[in-house]
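If you're matching them up, the sequences are chains A, B and C in order. Numbered by the working numbering, the letters in the first sequence go through residues 132 to 510 in order. Numbered by the working numbering, the letters in the second sequence go through residues 793 to 1283 in order. Numbered by the working numbering, the letters in the third sequence go through residues 6 to 411 in order. Note that CB positions come from ideal geometry on N, CA and C, so glycine has one too. Worksheet for the structure shown next.
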Amino acid sequence: MAQASSQNKQPKTFWNEKNREALAAYGFLAPFVFTIVIFFGYAFVRTIYYSFTDYDLFKTPNFVGLDNYKNILTEQLFNIALANTLLFSLIVTTLQTIGALVLAVVLNQKLRGMLFFRTAYYMPSITSSVVITLIFIWLFRPTGIFSFVLNWFGNHSSLILTFLVVGALLQAAQVMYDRSKGYPATAFDPAFLFTSVLVGLVITFILNALNIVRVGDLPAQPLNWIATREKFLGIIPYPLLVIIIQNTFTTIPTLMLFFLAGLQGVSKSLYEASSIDGATPQEQLRYITIPALRPVTFYVVTVGVIGTLQMFDQVSIFEGANAPLESTITLAFYVFKKAFDPSGLPKIGLATAGAIFLAVITTVMVMIQRRFVVSDTGS
Amino acid sequence: MQASTAVNLKPNLKADPNWLARRRWARAGWVYFMLILFSFVFIGPLLMGTISSLKTNPDEYPPRIFFEQLRPANWVSAFQLGTAGGGDGFLGGFRPGAKINFDVSYLVPQGITPTAPEVSVPKRRAGAGAGAFAATDYAADYAVLEPLKQTALVPANMPDGKPGQKVTYQITVNYPQNAKNLNDPTKPAPIMDRVPLDINSPNEHVYTSATLDPTRLERIFAPIASRPYPYPRVQSYDNLAPGVIGYVFRNYTRVFKETRSITTGQSLFFNWVINSFLFVILRIASTIVLASMAGYAMARLNFPFKNAFFVFVIFTMTVPGQVTFISNYLVLKDGIWGLSKLWGQQSLLNSIVGLWLIGLVGAGAVFLMKQFFETLPRELEESAKIDGASTTQTFWRVIMPLAGPALGALVITTAQGAWNEYFWALVVLANPQDIYTLPIGLNSFNRFYGSTGDYGLILAGAVFSALPVIILFIVFQRYFVEGVAFSGSKE
Amino acid sequence: MKQKYALLAAFGLLVAGAGSSLVSGQTGTTIVIGGRDGVTDTGLVNDLINKFLKPALAKDGIDVKYTPIGDYDKAIVNQLSAGTAPDVFYLPDNTAKGLVSSGKILPLNGLVSGTDFISSLNQTYTFGGKLYGIVKDFNTLATYYNKDLFDQAKVAYPNDKDDWNTFSDKLAKVQKALGTGYYGTCFPADYARFAAFAYGTGWKPTKKVTDPSFVRAFQFYTDLVKSKVAVQPSTISAGWGGDCIKSGKVATAFEGAWALGFLRDNAPNLQYGTSLIPLDPTTKRRGNLLFSVAWAINKGTKNTDAAVKVLNLLTSKAAQEYVLENGLALPSRKSLQANAYFKKSGAEPQANNTVFRGASSGNVVAFNQPPVFTDAVNEALKSVMDGTSTVDEALKRAQGKIDQIK
């Protein structure tokens, strides 16, 4: 930058306006370039280099060709990490995109007090991954609140079922009656739903008081979702499932804001025109809202894929809570684990090979979804 | 649902306005109901964590919503006991001249003579952290117990409904005014934070109540046929003179007091808070200046390889940090090729400066500013150029003063990101523990105390470290949302 | 432009200021001691330094600095590779092999005499005939029992003569007397507890896990869980044996002396006792695991003599006596076997005594198996205890994984 100003007085032939602007631009960019060249460019090149060596931080690296890549592909831990990563990425990206869209549509209404709800919903996104993960680990402990809630639902399932059946019957009766009089009542008519729920609750309460429907007395079944190797439905290890729930929970609010911004850009006249044509809200969502949000959806999915593929924090924190490594390990954590192998010397070669793999997967996934997933929906 | 409306809609277009209005109201009601339900889901975990962080044992089962620390009666007692301990009613303590009176009641079944419990002030370290080792004075060495007085004996029913008696004893703990300092006779008698107390109740004496609810009930005897209820043989207090804050925010005071640096003796948690603040301030300072400069160059200036550079930056944002961390770790290890020796640091590992340099300007921050600068009208620069201003002058004098809103969003998102930074902090900061930032400090809590199930300390630490961000969010909510909006509008 | 310079200058100052405030200089002969930042470790080592090292070293002009290291296993490797490791530091049993193979640890033969130390402890740190570490302290497993529960059930306390059968009989009686919610013992799916039983049969980690002796121990351990006399800690929301015994609902647990501090903090009034691990009824021998941490010297130390002096002081008889008498850790010197502390009454000295005796009673094996090995066994234990696979299947699978190592 100092250069730029002292050279200001040089002959104008070279020092024309275009070059001057370019030089100023380089000056402006210098610190940024310094950061990304050293901490990204150089680092990336070195990662590639190390992935072909047997470096362990102590000896001078020897070139070993593709050995590291061959080794990780046959290593069980790496394959588990790869499977976990893809599983995690797929599930969380899907859940958070849908959840964020739904929430944005709900919040995009002209009702009083909406600001409060937006603030409340954004809360999970602002706390650090450590704080929220520690709280989730605590919630999902064998004697945690989640275990308690699940047990409560188990014991009250008969009551809940009674309430649902009674409520549904009441609702059906009211809707039928109204339709017979010629009103356009829908199955989930909001006004009737109110009475159905209220009366349903009262009836359930009475049935319970009369001891016709009883609360179960299943003993507390401590849930073991953290320090376990078991898998949900035989596919998702339970600790990973907790991370999935936690991650979806914390990312939805941010992504919701993108959708909200997008929704506010959708022209009101489109909705008005379609209303006059007799479109239902569901039809409006399907034919107006979702297509209009396509660019935002693309962005949200991209951010989601990139974010989920590099999931690291939670795995590291779960490790401290005694979750088995195989049940949570992701590629990002595999790289870290191999580089700081506690049971021996650092395996930089394997770690960097894993890292390159991770970089390639990320790039490929982003490209794939850019090509197919989002651009084709709704067209 | 769709089918039914399609069928019914047309013939009923002139539907009863009351009927329609009722539906509108009901619908709004349901929307609010759903919104409130969602609020519980989204605030729930944090809220439950916050409430439970006050519990002695947040891992109890079944979890209670109302527990000792939330009982106003205990607040009053804790205040009075704190005052009686010679400290103040808020923070408690045990000073020379203290005289603490304390009642405890038992139910005694018929046929058993009420007997006074055995009371002792045990010599007990506070918790497991290094703070426990730093303590040299123990209340046990100074406290003097007076003989117990039986203050009441009334008929009462046992828990199983059988007749019995309720007996109350008064316990008095003194700290003589003229006590000598046992470690160093030249000094006055010490002031202590805590007075632990154990009450061993006699056989079949069922504890019912005390002036202050005990920290824990121990040696719980299982129910048997002749006595179908369990009862605890020991009522144990961590601190008989806690004061209100010491009682209600017990875990929070523990967070600061029990974790101490062995080298400096300072509170580790306090150090972590300071480190986190230092890091956040450094990050904000560098980001504001450098990201604006880079963002402006990318938004408005033309330079060779601009497009290639743009693609490269996008690429850096796509590739996870774990891909590049080994090299970065090694680069920091020798202080960026010895550069750090210029200011006397051999290595940038284990230093906040190292952590700061590794992400001096984030690509995301640059994009946010680029996004913003592109929205400014070009006429601004053109008129500045006519006035003869150079690009640099234009930037600092014309453009930056207009960047307020974007800078607000930038500061907030940067602060949030830096305060919560975990991965790079984990890589860069290993030891001593004094150098940790809050997130990795909290994770060390998790390793340390999680294995022994001491979730009180973990939750209190977590909630405390979330507080600054939550306050920041509530005050500057607008900027949080704008930050997201700016970075999201790039499509 | 000027403003920018000013900003940059301010920036530079900020960097320099922040940098210098976070770094401290070193002068003279300073020996840096590094230790794991643990619950009791930090305080203990600091105590030793102030009480024994500083006074003794002052006349030689040697200063001692202590740095507790968080996340020790990871940090020490990095520091050794970077040349920033302390001069004298912990060498944990489970990572000793890897660290020694880095060539950065000084062999102690000819520098330090290892003769007074318990020989099984020296063996743990001997590689290729060279001794690399002097054991700082060690632990074995003991049977902790809750006296109240045995008293209430009117069952005799466990003792050193119990074998698997008499021991599990006692547990079953306690469990029956106290009813649901109470258990005889906690058996985690953890090699570091289970192996004590496997070693009792004469099995060694060099043999296969499908070996009949191993299978017998495995069957005993998992059967007790299946019959609900024993419980996995996680089932009752306990993280480990200490939690189990603290809960007051489990009669016994197998832990080392590390449980003492935990119980002191979390269940200060618990009435407990300790006995040795039950004997295998067939071989009439008991097994145990040896957990230890040694002091080692950095090969790159600038002052080997001073470092050796420090190491000798840290493991001196006086230092170990002090540590023992304060109930902080167990000494590795044979000559301290007869120390008066071990004869004191009270749960803690008694427990320390049991743990100390555990090192020389029966088949004692150091705990330094690779994680892949222990994980394979842990998984087998877990799957059988949970009833998701049979003993044969589980062990065959585990052996398959173990065969993959190398």
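How long is the line joining the alpha carbons of residue i and residue j, rounded to whole angstroms?
i: SER242 of chain C; j: GLN404 of chain C; result: 30 Å
i: LEU281 of chain C; j: THR145 of chain C; result: 10 Å
i: ILE250 of chain C; j: ARG198 of chain C; result: 15 Å
i: ILE1266 of chain B; j: ARG249 of chain A; result: 11 Å
i: GLY393 of chain A; j: GLY1200 of chain B; result: 22 Å
i: LEU301 of chain A; j: GLU1166 of chain B; result: 58 Å
i: SER796 of chain B; j: PRO315 of chain A; result: Confidence in SER796 of chain B is poor, its pLDDT being 42 and thus under 50, which makes the residue's placement unreliable; the coordinate value appears in the next sentence. Their Cα atoms are separated by approximately 8 Å.
i: GLY275 of chain A; j: TRP269 of chain A; result: 6 Å
i: ALA323 of chain C; j: GLU330 of chain C; result: 10 Å
i: ILE983 of chain B; j: PHE223 of chain C; result: 55 Å
i: LYS1144 of chain B; j: LYS469 of chain A; result: Checking the displayed sequence, the identity of residue 1144 of chain B turns out to be Ile instead of Lys. ILE1144 of chain B and LYS469 of chain A: Cα-Cα distance of roughly 25 Å.
i: PRO91 of chain C; j: TYR430 of chain A; result: 49 Å
i: GLU938 of chain B; j: ALA890 of chain B; result: 13 Å
i: ILE499 of chain A; j: ASP187 of chain A; result: 35 Å
i: ASN546 of chain A; j: PHE858 of chain B; result: Outside the modelled stretch of chain A, which goes from 132 to 510, sits residue 546 of chain A, for which no answer is possible.
i: GLY347 of chain A; j: VAL280 of chain A; result: 14 Å
i: PHE209 of chain A; j: LYS102 of chain C; result: 24 Å
i: LEU391 of chain A; j: ARG1046 of chain B; result: 43 Å
Beta-carbon separation of residue i and residue j under 8 Å?
i: GLY244 of chain C; j: GLY1245 of chain B; result: yes
i: PHE886 of chain B; j: VAL987 of chain B; result: yes
i: LEU1124 of chain B; j: LEU1140 of chain B; result: yes
i: ALA312 of chain C; j: TYR137 of chain C; result: no
i: THR383 of chain A; j: LEU218 of chain A; result: Reading off the sequence, residue 383 of chain A comes out as Ile, not Thr. Taking 8 Å as the Cβ cut-off, ILE383 of chain A and LEU218 of chain A do not qualify as a contacting pair.
i: PRO336 of chain C; j: PHE347 of chain C; result: no
i: TYR188 of chain C; j: ALA235 of chain C; result: yes
i: VAL1295 of chain B; j: ILE167 of chain A; result: Since the first residue shown for chain B is 793 and the last is 1283, residue 1295 of chain B is missing from the structure and cannot be characterised.
i: GLU130 of chain A; j: ILE211 of chain A; result: The structure shown does not extend to residue 130 of chain A, since chain A is modelled only from 132 through 510, so no value can be given for it.
i: ALA356 of chain C; j: LEU265 of chain C; result: yes
i: THR227 of chain C; j: LEU386 of chain C; result: yes
i: THR1003 of chain B; j: TYR1029 of chain B; result: no
Among the options, whose alpha-carbon lies nearest the alpha-carbon of residue i?
i: PRO162 of chain A; options: B:TRP817, B:PHE1240, B:GLY1087, B:ILE904; result: B:GLY1087
i: GLN180 of chain C; options: C:ARG402, C:VAL255, C:LEU126, C:ARG41; result: C:VAL255
i: GLN352 of chain A; options: A:ARG272, A:ILE343, A:ILE448, A:PHE183; result: A:ARG272
i: ILE1128 of chain B; options: A:THR184, A:PHE165, A:PHE159; result: A:PHE165
i: ILE437 of chain A; options: A:ASP185, A:LEU221, A:PHE171, A:PHE183; result: A:LEU221
i: ILE169 of chain A; options: B:ASP929, B:PRO864, B:GLY1151; result: B:GLY1151
i: TRP1211 of chain B; options: B:LEU1264, B:LEU1251, B:PRO1224; result: B:LEU1264
i: THR483 of chain A; options: B:ILE1118, B:GLY1136, B:PHE1159, B:LEU1122; result: B:ILE1118
i: ALA1157 of chain B; options: B:ILE828, B:LEU1202, B:GLY877, B:GLN1185; result: B:LEU1202
i: GLU910 of chain B; options: B:LEU873, B:ALA876, B:PRO994; result: B:PRO994
Hey, is residue i close to the ligand FMN, as in C-beta under 7 Å from one of its heavy atoms?
i: LEU481 of chain A; result: The ligand FMN is not part of the structure shown, which contains no ligands of any sort.
Checklist line | Against chain B: residues of the region 313 to 327 of chain A by CB proximity under 9 Å | finding: GLY313, TYR314, PRO315, ALA316, THR317, ALA318, PHE319, ASP320, PRO321, ALA322, PHE323, LEU324, PHE325
Next item on the list: Give the residues from the region 349 to 372 of chain C that approach chain A closer than 9 Å (Cβ to any Cβ), ordered along the chain.
Entry: none
Item checked: Three or more C-beta pairs below 8 Å linking the region 472 to 488 of chain A and the region 403 to 423 of chain A -> no
Next item on the list: Decide yes or no for the touch test of the region 834 to 851 of chain B against the region 1244 to 1259 of chain B: beta carbon pairs closer than 8 Å, at least 3 of them.
Entry: yes
Notebook entry, point to check: Can you find at least 3 beta carbon pairs, one from the region 277 to 296 of chain C and one from the region 147 to 163 of chain C, that sit closer than 8 Å?
Noted result: yes
Item checked: Within 9 Å of chain B by C-beta, residues of the region 195 to 206 of chain C in sequence order -> none
Next item on the list: Check distances from the C-beta atoms of the region 271 to 301 of chain A to those of chain C and list, in chain order, the residues that come in under 9 Å.
Entry: ARG272, PRO273, THR274, GLY275, SER278
Next item on the list: May I ask you to list, following chain order, the residues of the region 1177 to 1193 of chain B that have a beta carbon less than 9 Å from some beta carbon of chain A?
Entry: SER1182, THR1183, THR1184, PHE1187
Check: Would you call the region 1104 to 1119 of chain B and the region 42 to 59 of chain C in contact, with 3 or more CB pairs under 8 Å?
Finding: no
Notebook entry, point to check: Any contact of the region 381 to 398 of chain C with the region 190 to 206 of chain C, i.e. 3+ C-beta pairs under 8 Å?
Noted result: yes
Check: For the region 347 to 375 of chain A, which residues have a CB atom closer than 7 Å to at least one CB atom of chain C, in sequence order?
Finding: PRO353, ASN355, ALA358, ARG360
Check: If you pair each beta-carbon of the region 258 to 266 of chain A with each one of the region 310 to 329 of chain A, do three or more pairs fall below 8 Å?
Finding: no
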